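Protein chains in written order, with the working numbering: chain L, 581 to 1112; chain Z, 155 to 473. Notes follow the structure.
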Amino acid sequence: MILAVAACSDPTQNDDTGNTSDEGTGGAAEDTTLNAYLYQPPAANWSPMAPASGPDGIVMNLIYDSLLGVDPNYELYPRLAADLPEISDDGLTITYKLKEGLTWSDGEPFTAEDVVFTYNLMADPDTGSTASGRFADVVGGPEVAAGTADTVTGFSAPDEHTFQIQLTKPNVGLVGLTGNIWIVPQHVLADVPVDEMDTAEFFTQNPNVGMGPYIFQEYATDQYIHLVKNPAFREGEVDIDEIYLRPVTSDVATAQLGTGEMDLVQISAADLETVEGLDGIEVGSGPGAGYIRTSVNEKKPYLQDPRLRQAMLYAVDRQQLIDEALGGHAQPVNASFMNDARPDDLETYDYDPDKARELLAEMNWDPNQVVTLSWIAGQRDRDTAATILESQLNAVGIKLQLNQVQPGQLTDMMNDQSYDMTLYGGGNYATEPFAVFAINACSTHFPTGGNLSYWCNEEFDQLMLEANATVDEAGRYDLYQQAARIENAEVPMIYLYNPDTIWAHTDALKGFVPNGDFTNPFWNVQEWTLER
Amino acid sequence: MTAFVVRRILVNIIVFILIGIGVFLLVRAAPGDPVRMMIRPEDLQEGSEAFIQGRREELGLNDPILVQYARWFLDALTGDLGSSFISRQPVSGLLAERLGPTILLMSTALGISLLIAIPLGTVAAIRRNTSVDYAAAALSLGVISIPSFFLGIVAIYVFSLQLGWLPSSGMSTPGGGGGTDVLQHLIMPAAILGLAGAGPLTRYVRGSLIDELSADYVRTAEAKGGSPARVVTRHALRNSLIPLITIIMINIPQMLAGAVVLEQVFAWPGMGQLAVRAVTQQDYPVIVGFALYVAALVLICNLIADIAYAIVDPRVKVS
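Here it is as C-alpha cells:
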C-alpha cells in the first residue's frame, strides 16, 4: 500500500541512481532510524497556539495532523478531512467531512469534537493564540477574541465526522488560512484552564498524544528530538521507525551528511556545490512560499510617488542579485501573488537603469535626498542584496545608505515608523492569495497587520475583499489577478526574489519529495523508506 | 575569622542584589519589545494585537518597572526566577538542565589544560631560552591566537569526517548513550577548550616558576644538596602554583558561563547557547536568570579565594 503511493512520480528527482542499498552500515538493527537536521534548537513549546517558530513547526508537522495539508505545488489536499471542505453557495457555511475510524496515538477515537475544541483554542487569545483574528468573520468569533464569550458559536460538530464553520460574511480564504491548524486531543487537554494552556505540561514537556505519523518521545535539550512511529496513523504505520531531529550548525550538518550521521538536511545555496560533491547524497529543491523584499515607508513624504518605487525596481538587476547571492536558486518577484493568482501579463521590471533615471527625472527626484535602508544583518543573501541595492540605486541617483540594526532596534523603528526602507522576507502567499491582504491593505498597516509600506489603495482592497467573498473559483482568481495588476503597477515594495528551499539527503532515503515550505519536509513521510 | 567571613558574605549579598537590580533595569532599557518580536511583521494579522496586549498583561510588562522588579524580587526570594517568555518554562529549570553538561565539559577542559600547562610550563622554566622553551612558547601563543571555533571545525573535519574516529557533535548518540558514548562526544570539545586554556596557563606556570627558581630558599635547598628534580618539585613548583590557583578561581565563573561558539559548533547543550538565544529573543527572565547565575559564581569564587587567602595569610583579617 505504501509502495503504491510512493510510486507517484517526483519531477525533481531522477530515479536513475541504481541499486545502492548494499552499502549497509553493518549493524543488524531492524529498526530504521532517520536523522534529520533542525536549523536551530526548538523553542520547545509545541502548542499550535504559540507564536510561529520554524523548528517547532517541523516537529508539530510530525506529531500532529491537520484537516488539510499543503503539497509541494502549494495546493491544499485533505489529511484528516475526507475531502476538501464544501462551501455553501452563499459562502456562509464551510463543512468538513472527516475521515472515519481514526484514533489518537493513545487509542482514543478521533471525532469532530476534537476539531471544535482545537479551533476554539485557536480563536481565544487567552490560550496564547496569535491567530484569533483569523476568525473575525466566524459567528461568535469576535466575542471570544474580546473575551465576552468562552466558545465560538460558529464552530460546531453536527455529527461525529462533520465539522462546520458558520460565517457572518463569506470568507473563502479562511479554508486556506486555517485548514492546516494542528489538531490537539480534547481528551487530554479538556481539564486545562484556558489561560494556562500556553504553559500546559502537555505542550511544554510531553506532547505525546497526536494524530501525526510520529509520536513525541523525548527532547534532549539542544541535542535532539526523538520521535517514534505512530501505529494509529491514518494511513497506517509508516515505514521508518524512528526520527531524530537534531539542531546543529549548517557546517556541521553538511559534514554529517558526509559521515552518514545525518540523513536529511536543508542546505543553503552556498553549500550546494560541496554537498553535490559528496558520494551517495541527492539534492532536491522547491520554490519557497514567501519572498524577500524591501518595504518603502510611504509615511515619508519623499517616498510616496509610485514612480520612485518603479524606478528602484528598474534600477536593480535582480537576476544578477539572484546569481550572486543565491547561485541562481531563486526567482525574481514582481508581485506578492503567486501561482494561479498571478497573471501572466505583469510588468517584469527588467533591469533598465536608463528607464529608472527617466522616471526619477520625470518626478523631479531630489538627488540629495538620503534614503536609509535598515535591516538585520547576518544572512548572506540578504546582506548581499543590501549592498547591491546600495550600489545600483546610487548609480541611478538615489542616495541609499545602509543601516545594520539589531532585531530590537528594528522593532522600535517599526513602532515609530521611522525607517525609510527595510529589507526582510518570509510569509506564505503561495497557497492562499488572500494572505496578501495582511501585507498590503489599508486596514492592515503595521502594527495591525504586516503592511510595512503603509501603502493604501482602495480599489486593491475592494478587489481583494470581493475575491475572498467569491465562492466560484474562476471568478475569485480573476479578481485576485486584477488586484495583482494594481499591486504590480504601484509597487508598494521593492520585490526582490523568492528563494528556493534546497534539501540534501542520503540516497538510501527513497520517496522524499522536496517541499519549498521549509517547515514541512516531512509532508509525505508515510511514503518514505530507508534502504540501507 | 568568623566575623571576617560573615562580613564578606553580607557584602556579597548586597552586591548580588545590586547586580540583580542593574541587570533587571538594563535588560528592559534595551531597544525592542520581546512580545512584539514573537511575531514576525509579515505574520501579523488582525488578532495579533489582541495576543500582544494579552501577553504583555500576562507577563506583567504593562506595569511600572518598579512594580515589575518588586514582584520579580519577591518571587526570586522563594527561588522562582520566572518563566521564559518564549518557551514558558521555568528559568531555574532551563539553567539547571544545562548546568550538568557545562560542568562536565568545563571541568574536563580545565583538567586537560592543567595536564598540559604544568609539565610544559615547568620544563620551559627550567630549560629557559632553549629550543624546548621556544617550542612551548610557540605552542601556547599558537593556541591563544587560533580561534577555538576554527580548531573545532578543523577537528571535526579531520577526526570525524576523514578518520571517522569521533562523533562530530552532540553530547550523546541519539538513542545510544552510556558513559563511553558521552566520553567519545566529550573528547573533541574538551580537548579544544583545554588546549586553548593551556596556552595562557603555560605562560603563567613558566613565569611564576622562574620567579621562584631565583628565590633565596631555592638556592638554600640546592646548597643543602637537594637534587635538581627535588628542588623543583618539592619546593619551587609548589610555591609557583599559588598564583595559578587565583587565576583558575577567576576563570571558573567565565568557564561555567559557557563557551558559546564552541557549544554551537559541537551542538553541546551548555549555558552559552541558552544565554545567546535569550539575548536575541529578548527573553528578559532568562537573561536576568543567567546574569545572576554568573554573578553568583563570581561572588562565590571570590569569596572562596578571599577566605583561602585569609587562612594562608593572617594579615588579611585585619583589613
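For glycine and all other residues, C-beta sits at the position ideal for the given N, C-alpha and C. Keep in mind it's a predicted model, so treat the numbers as computed, not measured.
Going by DSSP, which residues form a beta bridge with residue i?
i                : result
W319 of chain Z  : None, per the DSSP bridge assignment.
N1078 of chain L : L:Q911
D645 of chain L  : L:I763
Q984 of chain L  : L:W955
L618 of chain L  : L:P827
F796 of chain L  : L:L807
Y1004 of chain L : L:R873
T683 of chain L  : L:P689
L1089 of chain L : L:L1110
A1084 of chain L : L:V845, L:V863
M1073 of chain L : L:S875
N1031 of chain L : L:H1025
T613 of chain L  : L:E822
V950 of chain L  : L:K979
Restricting to Cα atoms, I'd like to know which of the options is closest to residue i.
i                : options                           : result
V297 of chain Z  : Z:T356, Z:L453, Z:G214            : Z:T356
S875 of chain L  : L:L1032, L:M777, L:P665           : L:L1032
W124 of chain Z  : L:D924, L:T839, L:G753            : Any property of residue 124 of chain Z remains undetermined from this structure, which presents chain Z solely from 155 to 473.
I1116 of chain L : L:P705, L:T691, L:T675            : In the structure as shown, chain L starts at 581 and stops at 1112, and residue 1116 of chain L therefore has no counterpart that could be examined.
F170 of chain Z  : Z:D460, Z:K378, Z:I454            : Z:I454
L969 of chain L  : L:Y894, L:P622, L:L682, L:D946    : L:Y894
P622 of chain L  : Z:N283, Z:D217, Z:A432, Z:G254    : Z:A432
A835 of chain L  : L:E817, L:E878, L:L825, L:G857    : L:G857
D932 of chain L  : L:L953, L:N948, L:V896, L:M918    : L:V896
D670 of chain L  : L:D1052, L:G860, L:P1013, L:V855  : L:D1052
Y1039 of chain L : L:T1028, L:G1029, L:L888, L:F1017 : Checking the sequence, you will find Glu at residue 1039 of chain L rather than Tyr. Closest by alpha carbon: L:F1017.
P773 of chain L  : L:G708, L:T801, L:T829            : L:G708
P328 of chain Z  : L:L807, L:K979, L:G727            : L:L807
Output, in chain order, the set of chain Z residues within a Cβ distance shorter than 7 Å of residue i.
i                : result
P631 of chain L  : M192, I193
Y709 of chain L  : A quick correction: the sequence has Ser, not Tyr, at residue 709 of chain L. Per Cβ cutoff of 7 Å: F205.
P987 of chain L  : G186, M191, T434
L1032 of chain L : P195
P827 of chain L  : A421
A850 of chain L  : Chain Z residues near A850 of chain L: none, gap ~15 Å exceeds 7 Å.
A623 of chain L  : I240, S241
What in chain L is Cβ-close to residue i, meaning under 8 Å?
i               : result
Q222 of chain Z : Within chain L, no residue comes near Q222 of chain Z; the closest Cβ sits about 18 Å away, beyond 8 Å.
S237 of chain Z : T779
G318 of chain Z : T839
P343 of chain Z : None at all; the shortest Cβ gap to chain L is about 12 Å.
P321 of chain Z : E841
Q477 of chain Z : Any property of residue 477 of chain Z remains undetermined from this structure, which presents chain Z solely from 155 to 473.
Is any heavy atom of the ligand HEM found at a distance shorter than 7 Å from the C-beta of residue i?
i               : result
I272 of chain Z : Absence of the ligand HEM is noted for the structure shown, with no ligands found whatsoever.
Could you name the residues of chain Z that residue i contacts, counting a contact when the two beta carbons are closer than 9 Å?
i                : result
F1026 of chain L : P195, L198
A1018 of chain L : E196, D197, L198, Q199, E200
Y699 of chain L  : Under the 9 Å cutoff, chain Z gives no residues; its nearest Cβ is about 14 Å from Y699 of chain L.
Y654 of chain L  : Here the premise fails: no neighbours, minimum Cβ distance about 17 Å.
N944 of chain L  : Ordered by position in chain Z, no residue passes the 9 Å Cβ test against N944 of chain L, which lies about 32 Å from the chain.
With residue i and residue j assumed to form a contact (beta carbons below 8 Å), what rounded beta-carbon distance in angstroms separates them?
i                : j               : result
I805 of chain L  : L614 of chain L : About 12 Å separates the two Cβ atoms, so there is no contact after all.
R814 of chain L  : K677 of chain L : That pair is no contact at about 14 Å.
P705 of chain L  : F205 of chain Z : 5 Å
A445 of chain Z  : V177 of chain Z : 4 Å
R960 of chain L  : A850 of chain L : 6 Å
Y1004 of chain L : A833 of chain L : In fact, because the Cβ distance is near 25 Å, the residues do not count as touching under 8 Å.
G790 of chain L  : I643 of chain L : 4 Å
Y619 of chain L  : Q846 of chain L : 6 Å
Who are the neighbours of residue i on chain L, taking C-beta pairs under 7 Å?
i               : result
M325 of chain Z : Q803
G208 of chain Z : P705, D706
E251 of chain Z : T801
G310 of chain Z : Residue 310 of chain Z is actually Ile in this sequence, not Gly. Neighbours of I310 of chain Z on chain L, chain order: V832, A835.
I307 of chain Z : D831
What runs of the alpha helix (DSSP H), each 4 residues or longer, lie entirely inside the segment 649-679 of chain L? none
Let me know the alpha helix (DSSP H) ranges lying completely inside the segment 697-772 of chain L, each 4 residues or longer, listed in chain order. 721-726, 753-758, 766-769
Taking only runs of the beta strand (DSSP E) that begin and end inside the segment 803-890 of chain L, which ones reach a length of at least 3 residues, in chain order? Every beta strand (DSSP E) stretch that sits fully inside the segment 803-890 of chain L and reaches 3 residues is listed by chain position as 804-809, 822-827, 844-847, 861-867, 871-876.
Every unbroken beta strand (DSSP E) within the segment 193-256 of chain Z, with a cutoff of 3 residues, ordered by chain: none
Every unbroken alpha helix (DSSP H) within the segment 359-419 of chain Z, with a cutoff of 4 residues, ordered by chain: 370-377, 391-410, 414-419
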